[in-house]
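Visitor:
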Amino acid sequence: MTTPTFGSDAFSWPLVGAALRWKHARTTLQLTLLAVAALMVLHGLAGPQLAPANLATVLTWVHYRGLLIVALLAVGNLFCTGCPFILARDAARRVHAPTARWPRWLRRKWPAIVLFVAILFVYELFDLWALPRATAWLVLGYFGAALAIDTVFAGASFCKYVCPIGQFNFVTSMLSPFELRAREPATCSACRTVDCIKGRRAPEAPLQVVRRGCELALFMPAKVGNLDCTLCLDCVQACPHDNIALAVRVPALELADGRRRSGIGRLAQRWDLAVLVTVFVFGALLNALGMIAPVYSLERQIAGAIGATTEAPVLSVLFVLALVVAPALLLGGAASWSAIVTGTSIRRQLLAFVYGLVPFGAGTWAAHYGFHLLTGLFTVVPVTQSAVLDLAGQAWLGAPRWTWVGMQPGTVFPLQLGLLTLGTMGSLGVTYLIAERESPSRAIAAAAPWLALTLLLFVTAVWMLTQPMEMRAAGALG
Amino acid sequence: MHLQLGSWRDRHGLTRPPGRWTGAAAAGLMLLLASCARSEETPPHLTIGWTPMPAVGRESVAEIQLNEAMARPVTGARLRLEAFMTHPGMAPLSAAVEEQGRGRYRARVRFTMAGDWVVRLQGTRADGRRIDVQDDVRRVRPVE
């Protein structure tokens, strides 16, 4: 597959381009999110421990998650751009500059995958959405982890190898309509300083970096797609030739791109990335399952089968079924089928085709988190009014208007169905492109099991959407 | 564009991380808000009995008993009831609260969604002191 040309460069757009290229653009966004995070933590720790009336829980579990996926699908990885953890990290690095390198044996996504699953598990086990104080501690813990890791290890070790939100963003950003790319490849070929990766040096002192290069080891001339790109714009600021574009592109096409990627390698050779994508896709269904009524009877059945009286072992079984057994059977089955058809290995088919499921997974996350965002969009108003009352003792913003909520749940259903359908169509298209790449002469036959799997997952997700919702703060066992 | 930066920062290969003053201002604001926060009242003891048991779409009467310490009933309080789902972002309910005497109050609530709810009673005692208490309503189900 050749690199598709792009039609437009957002950096050249009026106003938008200038705002994006402003050297303080990222810091401004980070400071804004830092201020919001500070308020969330303060209210989470000191405010009422009633989740719908606390900024920590409302902003984290309603607005942040929803806006995160909207931004990823509509623009790009903006929440990594504005990540306040990195602002805190940069401040700490002024005091202590790290020198150690992230251990070679950990230079894969495994730590982040474990944390991703752990957060999904803890979220369900402790009902984090209902716990303002725990949510505030989670935010603080995140700051602490980013600080601890990135003040010991150089580069963006936390972002690239540890941060579970970052991995979620990286995977979803493969569907984003924008990508940082070299504007003129010939300019990069002639470049001898490679500032985009090494950082820009002061001419009078070549050892001094005055503009850092990509901390995630994405070398612009060999960068393919958005995976591992935090959209920090360091490369843009560092490039002395102004040769980096924020290019408009066809979303999701990179999922079928088999080229070697700078800082990543080939997708089809990375088991960790395949597992990350699997957790992303099946985790979307599992996370949504926790919101619907049938999960109660399922949990009771599991509890009866294993003789459990507490939720942890029941949830553990549910997670193993959803994130290990189901993927092993479904992905393994599809890969076996296409391996037989094409005469290649199961491993090769699995590592090639699993990326085709990413659009479906993103559609499922968007349908779920979009529901919470749209039905609770305006709750930030009364909760902020309430927070001011809680923290200052005065209704400076007026009495909380609890009637400000958002769309009625029923009216969101068509949008959810649309997002799921769009994601599924994307998966069908990407899967066919992967099949054309892998087996040009037998593309339809090779793709068939994966197309069938995608449709099966779609039917499952639609069934879940049509189930009665049950917002809970306690599992089936109490 | 070449940037003129402090030498210690350059030695560490770092660009200027702005936000020092903004960060200090934010910390100051947090301290100010925390110091302005009102002192906590000792909350009264809340007991709610439901008739019939709460179910989606069915009106239930909340029989509320509010007692101070030593089982002394809270009389003459002006209260409002709000019910929230435990998951943030869902539409809350509100209901008028009528005093029945001897610390007993009554409200009529029609729950709109299945799941776990929290009932919050807010208002003021007869002497003007604030009341803010809450109680869980677990597993509201559709009417069977």
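From first to last, the protein sequence lines are chains S and B. Take 1 as the starting number for the first sequence in the working numbering and just add one per residue. Take 1001 as the starting number for the second sequence in the working numbering and just add one per residue. Yeah, the Cβ is synthetic: ideal placement off N, Cα and C, and Gly gets one too. Since the model is a prediction, treat every value here as computed from it, not as a measurement.
#1: Taking the C-alpha atoms as reference points, what is the distance between Trp137(S) and Leu50(S)?
#2: Does the beta carbon of Asn243(S) come closer than 9 Å to any beta carbon on chain B?
#3: Return the CA-CA distance between Ala1095(B) and Ala91(S), expressed in angstroms with no decimal places.
#4: Would the beta-carbon of Val430(S) fall within 9 Å of that of Leu276(S)?
#5: If we call anything under 9 Å between Cβ atoms a contact, is Leu1093(B) one with Val1074(B)?
#6: Could you check the C-alpha separation between Arg1138(B) and Gly1101(B) for me, to the nearest Å?
#7: In chain B, what lies closer than 9 Å to Glu438(S) by C-beta?
#8: Does Gly1089(B) get closer than 9 Å to chain S when you measure Cβ to Cβ?
#9: Report the rounded CA-to-CA distance for Trp450(S) versus Tyr64(S), giving the unit in angstroms.
#10: To the nearest angstrom, how far is the alpha carbon of Ala274(S) from that of Ile1048(B)?
#11: Chain B partners of Thr379(S), CB-CB under 9 Å?
#12: The beta strand (DSSP E) with Pro206(S) in it runs from where to where?
#13: Per the contact definition of three or more C-beta pairs closer than 8 Å, is the region 254–263 of chain S in contact with the region 200–210 of chain S?
#14: Please classify Arg89(S): is it buried, with 16 or more other beta-carbons within 10 angstroms of its beta-carbon, or exposed?
#15: Rounded to a whole number of angstroms, what is the C-alpha to C-alpha distance between Pro359(S) and Leu73(S)?
#16: Within 10 angstroms of its Cβ, does Ile434(S) collect 16 or more other Cβ (buried), or is it exposed?
#17: Strictly below 9 Å CB to CB, what residues from chain B border Val479(S)?
#18: Give every residue of the same chain whose Cβ lies closer than 7 Å to the Cβ of Pro1044(B), excluding the five residues on either side of it in the sequence, and list them in chain order.
#19: Using a Cβ cut-off of 8 Å, pull out every chain B residue sitting near Gly376(S), in sequence order please.
#20: Using CA coordinates, which residue listed in Ala446(S), Cys163(S), Cys239(S) and Thr460(S) is at the minimum distance from Ile346(S)?
#21: Check the Cβ of Gly1123(B) against every Cβ in chain S and list those closer than 9 Å, keeping chain order.
#22: Quick check for students: name the residue ranges of the beta strand (DSSP E) that lie wholly in the region 1051–1086 of chain B, counting only runs of 3 or more.
#23: Have a look at Val1145(B) and Pro1054(B) and give me their C-alpha separation to the nearest angstrom.
#24: Give me whichever residues DSSP pairs with Pro1142(B) in a beta bridge.
#25: Where does Ala303(S) sit, in a helix, a strand or coil, going by DSSP?
#26: Anything in chain B within Cβ reach of Met220(S), meaning under 9 Å, just list it in chain order.
#27: Would you list, in chain order, the members of the region 1063–1087 of chain B that have their beta-carbon closer than 9 Å to a beta-carbon of chain S?
#28: Tell me the rounded alpha-carbon separation between Lys223(S) and Gly265(S).
#29: I want to see whether chain B comes within less than 9 Å of Trp463(S), judged by CB atoms only; does it?
#30: Is the number of C-beta pairs between the region 336–355 of chain S and the region 20–37 of chain S that are closer than 8 Å three or more?
#31: Ile244(S) lies in the beta strand (DSSP E); which residues open and close that run?
#32: Name, please, each residue of chain B whose Cβ falls closer than 8 Å to the Cβ of Val314(S).
#33: Please say whether Ala56(S) and Gly47(S) have beta carbons closer to each other than 9 Å?
#34: Could you name the residues of the same chain whose beta carbon sits closer than 7 Å to that of Phe378(S), not counting the 5 residues immediately before and after it, in chain order?
#35: On the three-state DSSP scale, how would you describe Asp127(S)?
#36: Among the residues of its own chain, which have a CB less than 7 Å from the CB of Gly418(S), if the five just before and after it don't count?
Guide: Quick answer:
#1: The straight-line gap from Cα to Cα measures roughly 16 Å.
#2: Under the 9 Å criterion on CB atoms, Asn243(S) is classed as non-interfacial with respect to chain B.
#3: 49 Å
#4: no
#5: no
#6: 27 Å
#7: Simply none; closest approach about 43 Å.
#8: yes
#9: 32 Å
#10: 52 Å
#11: Within chain B, the C-beta atoms nearer than 9 Å to that of Thr379(S) come from Pro1088, Gly1089, Met1090, Ala1091 and Pro1092, in chain order.
#12: Taken as a continuous stretch (DSSP letters only), the beta strand (DSSP E) holding Pro206(S) covers Ala205 to Arg211.
#13: no
#14: Burial check for Arg89(S): the Cβ neighbour count within 10 Å reaches 16 or more, so the residue is buried.
#15: 10 Å
#16: buried
#17: With chain S covering 1 to 478 only, the question about residue 479(S) has no answer from this structure.
#18: Taken in chain order, the residues that qualify are Leu1066, Asn1067, Glu1068, Val1074, Ile1131 and Val1133.
#19: Pro1088, Gly1089 and Met1090
#20: Ala446(S)
#21: What Gly1123(B) touches in chain S: nothing, since even the nearest Cβ is about 13 Å away.
#22: 1059–1067 and 1078–1085
#23: Nothing in the structure corresponds to residue 1145(B), since chain B is present only between 1001 and 1144.
#24: Val1056(B)
#25: helix
#26: Result: empty, since nearest Cβ-Cβ is about 18 Å, beyond 9 Å.
#27: Glu1082, Phe1084, Met1085, Thr1086 and His1087
#28: 10 Å
#29: no
#30: no
#31: Ile244 to Val248
#32: Under a criterion of Cβ atoms nearer than 8 Å, no residue of chain B is adjacent to Val314(S); the nearest Cβ is some 17 Å distant.
#33: yes
#34: Non-local C-beta neighbours of Phe378(S) in its own chain, meaning closer than 7 Å and more than five positions away in sequence, comprise Trp404, Val405 and Gly406, ordered along the chain.
#35: coil
#36: none
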